[in-house]
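Student:
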Amino acid sequence: MDATLDATRSAATLPSGSRTPPAAPCPPPSCAPPAASLGAVAGPGRPAVTELRLSAFGRHRAAAFPLGPVTLFAGASGSGKSQALAAYAALSRLASGAALDEVFPDPAAHVPERAVPDPDGRRGFRIGCTVDGPAGPVRLDLAVQAEPELRVVGERLAQDGQMLLTTALRDPRRRSVQAAWFTGGAVGVTRAPLPDDRLATALLPLRVAGATAGQRRVLAAAEQVVVALRSVFPCDPRPERMRAPVPQGDGRLHGDCRNLADVLRRTRHECATRHALLAAAARTGCAGPVAGLDVRGAAAGPGGGTGGGGRGGPGAGRGGSAGGRGGPVGGPVGGPVGGLVAAVLDRGPGVPATDLGRLGAGELRFLALALVLLTGPGVLQVEPVADVLAARQALTVLADDLDRGLDRGQSAELLRLALLSSGRGHVRLAAAVGEATAGTGRGLPGVSVVDLVP
1 MDATLDATRS AATLPSGSRT PPAAPCPPPS CAPPAASLGA VAGPGRPAVT
51 ELRLSAFGRH RAAAFPLGPV TLFAGASGSG KSQALAAYAA LSRLASGAAL
101 DEVFPDPAAH VPERAVPDPD GRRGFRIGCT VDGPAGPVRL DLAVQAEPEL
151 RVVGERLAQD GQMLLTTALR DPRRRSVQAA WFTGGAVGVT RAPLPDDRLA
201 TALLPLRVAG ATAGQRRVLA AAEQVVVALR SVFPCDPRPE RMRAPVPQGD
251 GRLHGDCRNL ADVLRRTRHE CATRHALLAA AARTGCAGPV AGLDVRGAAA
301 GPGGGTGGGG RGGPGAGRGG SAGGRGGPVG GPVGGPVGGL VAAVLDRGPG
351 VPATDLGRLG AGELRFLALA LVLLTGPGVL QVEPVADVLA ARQALTVLAD
401 DLDRGLDRGQ SAELLRLALL SSGRGHVRLA AAVGEATAGT GRGLPGVSVV
451 DLVP
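Per UniProt numbering, residue 1 is the first one in the sequence shown, and the count goes up by one each step.
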């Protein structure tokens with residue numbers, strides 16, 4: 001079989017649910033007692049992905065990328081920046097319980113181009129990560145068969161060189177993998193079949209009782225990985241979707257930021273401090289004077305914009321917004337759900353406010369990304385682990401082509417905001433950027449730049 005999947009092969013099949021000590025050549029979870037109890041393991045308070053591994057994924061082979069609080073992927077077109085972020089996003093969705101076919105609708109596109117199928121025509125890809133946290137560094141590695149049918153063929157969860165969980169495809173005729181996880185005590189290892197279209201690590205909290213020290217170690221490692229991977233927000237602001245008024249809703253930002261005005265309405269009333277920080281950032285990222293950010297009731301105009309303003313023309317870049325000012329329709333909007341709202345830039349006393357629909361594309365992208373970096377899971381459309389305190393979780397923002405449409409000043413301000421938020425431990429950033437932004441990042445303490453080569 002191609003090396004992409006060969007590492008997942010293991011030995012003879014054991015009966016489902018058997019609870020006998022392991023005897024397979026493929027290293028199952030060790031029966032040795034852990035070197036230290038969980039209480040003695042020191043690690044960061046908030047679980048975070050500290051390494052992304054693309055053993056065989058797209059154009060990447062045997063690649064391992066260290067991830068810091070602010071990580072920028074740089075390199076020429078075709079170097080695989082977007083693929084690295086796509087692998088991270090895929091692990092996040094799998095940790096959230098999504099099925100393989102939902103996460104990889106076109107799995108063959110992720111198979112390395114020169115991967116050779118085995119005699120049965122099977123090819124696939126391998127990805128993984130390391131998550132550091134209270135339980136210490138935990139490694140997760142996943143092997144996926146993409147052809148002829150999509151399925152998991154192997155998964156490993158390890159800590160300090162000890163295998164805590166392994167899965168392997170024993171019988172291709174069954175839609176399951178044989179899993180073995182560390183138990184400790186007289187039993188040593190527990191074996192049971194698990195679905196071959198789900199991440200087994202995410203299923204462990206539903207299958208492991210935590211009755212022994214070994215089981216509790218497995219649970220702590222699995223939960224740490226799940227917490228870190230689920231707290232991810234892929235963000236790609238689309239200015240063309242952000243110009244028209246939007247209905248008042250729950251105030252949780254979508255990945256394309258189309259409901260930016262509704263989220264600004266919420267932050268204005270619920271988080272004055274962060275809203276003020278965003279207004280201050282707008283003074284750097286938007287042309288003309290900016291006294292603040294406001295939200296007004298709006299009526300949909302003939303072109304889908306507000307009655308008092310329209311979309312910026314072809315020349316309306318960052319400097320093209322100051323001249324196009326339209327008075328917003330209606331007055332300030334409060335908290336109740338219902339009706340349309342539009343966001344405006346307050347230009348100061350005696351100066352008409354500017355509808356956000358009149359801003360340039362770069363200005364809109366800047367405002368949306370600044371909002372994401374200054375807020376947290378509570379105002380983003382992300383589903384963190386509900387039974388873990390927010391103070392124990394760190395949100396990671398994934399931004400492909402972060403600096404698209406931005407000038408140097410806007411990009412530098414976003415990096416400043418990312419460092420500000422990551423310094424508080426609440427938000428991390430992993431982004432693909434152009435060379436200009438990467439150059440700025442290289443000169444900033446706390447920013448990690450990963451240079452990729454085509």
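Quick reminder that beta carbons are idealized off the backbone N, C-alpha and C, glycines included.
1. Go ahead and label A179 buried or exposed: buried means 16 or more other beta carbons lie within 10 angstroms of its beta carbon, across all protein chains shown.
2. Going straight from the alpha carbon of D403 to that of G434, what length do you get?
3. Using the three-state DSSP reduction, which class does E51 fall into: helix, strand or coil?
4. Give me whichever residues DSSP pairs with S176 in a beta bridge.
5. On the criterion of 16 or more Cβ atoms from any shown chain inside 10 Å, does G348 qualify as buried, or is it exposed?
6. Which residue or residues does DSSP assign as beta-bridge partners of H155?
7. In chain order, what are the residue ranges of uninterrupted beta strand (DSSP E) at least 3 long that sit wholly in the segment 363 to 435?
8. Got a sec, what are the start and stop residues for the beta strand (DSSP E) V295 sits in?
9. Take P239 and list the residues in its own chain whose beta-carbon comes closer than 7 Å to its own, dropping the five residues that flank it on each side.
10. Are G80 and R46 touching if we call contact CB-CB under 9 Å?
11. Pop quiz: L398 and A200 are said to be a contact at Cβ under 8 Å. What is the actual Cβ separation, rounded to whole angstroms?
12. With a CB to CB cut of under 7 Å and the five nearest residues on each side skipped, what residues in its chain are close to G78?
13. What's the C-alpha gap between G214 and L414?
14. At 3 residues or longer, and completely inside the segment 57 to 132: list those beta strand (DSSP E) runs for me, N to C.
15. Determine the closest residue to R156 out of G136, P117, S82, I127, with distance taken between C-alpha atoms.
16. How many Å lie between A244 and A168 at the Cα?
17. Quick check: the segment 93 to 104 against the segment 420 to 439, are there 3 or more CB pairs under 8 Å?
18. Let me make sure I understand the geometry here. Which of A74, P234, G121 has the alpha-carbon closest to that of L452?
19. Using a 10 Å radius around the Cβ and a threshold of 16 neighbouring Cβ atoms, would you call P22 buried or exposed?
20. Please state the DSSP three-state secondary structure of E147.
21. For R122 and G376, what's the separation of their Cα atoms in angstroms?
22. For A438, which residues in the same chain have their Cβ closer than 8 Å to its Cβ, ignoring the five residues on either side in sequence?
23. Just to confirm my understanding: we take A291, look at its own chain, exclude 5 residues before and 5 after, and list those with CB closer than 7 Å. What are they?
24. Taking the C-alpha atoms as reference points, what is the distance between C286 and D407?
25. How long is the line joining the alpha carbons of T183 and V226, rounded to whole angstroms?
26. Hey, out of F233, L369, V208, M242, whose CA is closest to A279's CA?
27. Going by beta carbon distance, what residues of the same chain come within less than 6 Å of L165, once the five residues before and after it are set aside?
28. Does the Cβ of L229 have 16 or more other Cβ atoms within 10 Å, making it buried, or fewer, making it exposed?
29. What do you get for L206, buried or exposed, if any count of 16 or more other CB atoms within 10 angstroms of its CB means buried?
30. For R173 and A99, I'd like the C-alpha separation in whole angstroms.
31. Quick one: grab the DSSP three-state call for C26.
32. Look up G253 in the DSSP assignment and give the residues it is bridged to.
33. Using the Cβ count rule (16 or more neighbours within 10 Å means buried), how would you classify P237?
34. Quickly, what does DSSP pair A343 with across the bridge? List them, please.
35. Let's see if you can read the secondary structure: which residues bound the beta strand (DSSP E) around E234?
36. By how many angstroms is the C-alpha of L380 removed from the C-alpha of N259?
Tutor: The relevant details are as follows:
1. The residue labelled residue 179 in the question sits at position 179 within the sequence shown. Counting Cβ neighbours within 10 Å, A179 comes out buried, since at least 16 surround it.
2. In the sequence shown, the residue the question calls residue 403 occupies position 403. In the sequence shown, the residue the question calls residue 434 occupies position 434. Looking at the two C-alpha atoms, the distance is approximately 7 Å.
3. Counting from 1 along the sequence shown, the entry for residue 51 is found at position 51. The three-state reading of DSSP puts E51 in strand, counting E and B together.
4. In the sequence shown, the residue the question calls residue 176 occupies position 176. Partner(s): P195.
5. As a first step, residue 348 must be located in the sequence shown, where it is residue number 348. Result: exposed.
6. The count along the sequence shown starts at 1 and reaches residue 155 at position 155. Residue identity differs from the one stated: residue 155 is Glu in this sequence, not His. L142, T167, per the DSSP bridge assignment.
7. Runs found: 395 to 399, 427 to 432.
8. Counted from its first residue, the sequence shown places residue 295 at position 295. Segment 292 to 298, the beta strand (DSSP E) holding V295.
9. What you label residue 239 is simply residue 239 of the sequence shown in a count that begins at 1. Here the set comprises A361, L364, R365.
10. Within the sequence shown, residue 80 is the residue found at index 80, counting from 1. Within the sequence shown, residue 46 is the residue found at index 46, counting from 1. Contact: no.
11. Translated into the one-based positions of the sequence shown, residue 398 becomes position 398. Translated into the one-based positions of the sequence shown, residue 200 becomes position 200. Not confirmed; about 24 Å, so no contact.
12. In the sequence shown, counting from the first residue as 1, residue 78 sits at position 78. So the list reads P454, once near-sequence residues are dropped.
13. As a working note, residue 214 is residue 214 in the sequence shown. As a working note, residue 414 is residue 414 in the sequence shown. When the Cα atoms are used, G214 and L414 turn out to be separated by approximately 44 Å.
14. Here the runs fully enclosed are 60 to 66, 70 to 75, 123 to 132.
15. Taking the first residue of the sequence shown as position 1, residue 156 is located at position 156. Ranking the options by Cα distance to R156, first place goes to I127.
16. Stepping through the sequence shown from its first residue, residue 244 is reached at position 244. Stepping through the sequence shown from its first residue, residue 168 is reached at position 168. Going by the C-alpha atoms only, they are around 50 Å apart.
17. No, because fewer than three Cβ pairs between the segment 93 to 104 and the segment 420 to 439 fall closer than 8 Å, the two stretches do not touch.
18. The sequence position of residue 452 within the sequence shown is 452, counting from 1. With distances taken between Cα atoms, L452 lies closest to A74.
19. By one-based count along the sequence shown, residue 22 stands at place 22. Residue confidence for P22 is low, a pLDDT of 32 falling below 50, so the modelled location carries little weight; the figure read from the coordinates is stated next. Buried, by the Cβ-count rule.
20. On the sequence shown, residue 147 is found 147 positions in, with the first residue counted as 1. Of the three classes helix, strand and coil, the one that applies to E147 here is strand, per DSSP.
21. Reading the sequence shown from its first residue, position 122 is the one you call residue 122. Reading the sequence shown from its first residue, position 376 is the one you call residue 376. Taking the straight line from one Cα to the other gives about 42 Å.
22. As a position in the sequence shown, residue 438 is number 438, starting the count at 1. Taken in chain order, the residues that qualify are L72, A74, V449, D451.
23. By 1-based counting over the sequence shown, the position of residue 291 is 291. Counting only Cβ-Cβ distances below 7 Å, and skipping sequence neighbours, we find D346, R347, G348.
24. Counting from 1 along the sequence shown, the entry for residue 286 is found at position 286. Counting from 1 along the sequence shown, the entry for residue 407 is found at position 407. Rounded to the nearest whole angstrom, the CA to CA distance from C286 to D407 is 11 Å.
25. Locating residue 183 in the sequence shown gives position 183, counting from the first residue. Locating residue 226 in the sequence shown gives position 226, counting from the first residue. Between the alpha carbons of T183 and V226 lies a gap of roughly 20 Å.
26. Position 279 of the sequence shown holds residue 279. From the listed residues F233, L369, V208, M242, the smallest Cα separation to A279 is found for L369.
27. Indexing the sequence shown from 1 puts residue 165 at position 165. In its chain, beyond the 5 residues on either side, L157, W181 have a beta carbon closer than 6 Å to the beta carbon of L165.
28. Locating residue 229 in the sequence shown gives position 229, where the first residue counts as 1. Classified as buried, L229 has 16 or more neighbouring CB atoms from the shown chains inside 10 Å of its CB.
29. What you label residue 206 is simply residue 206 of the sequence shown in a count that begins at 1. So L206 counts as exposed.
30. Numbered from its first residue, the sequence shown carries residue 173 at position 173. Numbered from its first residue, the sequence shown carries residue 99 at position 99. If you draw a straight line from the Cα of R173 to the Cα of A99, it comes to about 19 Å.
31. In the sequence shown, residue 26 corresponds to position 26, counting from 1. Annotation note: pLDDT 35 at C26 (below 50); position unreliable, no value reported.
32. Residue 253 sits at position 253 when you count from the first residue of the sequence shown. A small correction: the amino acid at residue 253 is Leu; Gly does not occupy that position in the sequence shown. Paired residues: L380.
33. Stepping through the sequence shown from its first residue, residue 237 is reached at position 237. Around the beta carbon of P237, 16 or more other beta carbons sit within 10 angstroms, so the residue counts as buried.
34. Stepping through the sequence shown from its first residue, residue 343 is reached at position 343. V295, per the DSSP bridge assignment.
35. On the sequence shown, residue 234 is found 234 positions in, with the first residue counted as 1. Residue identity differs from the one stated: residue 234 is Pro in this sequence, not Glu. Start and end: 232 to 234.
36. To locate residue 259, count along the sequence shown from 1; it is residue 259. To locate residue 380, count along the sequence shown from 1; it is residue 380. N259 and L380 have their C-alpha atoms spaced approximately 11 Å apart.
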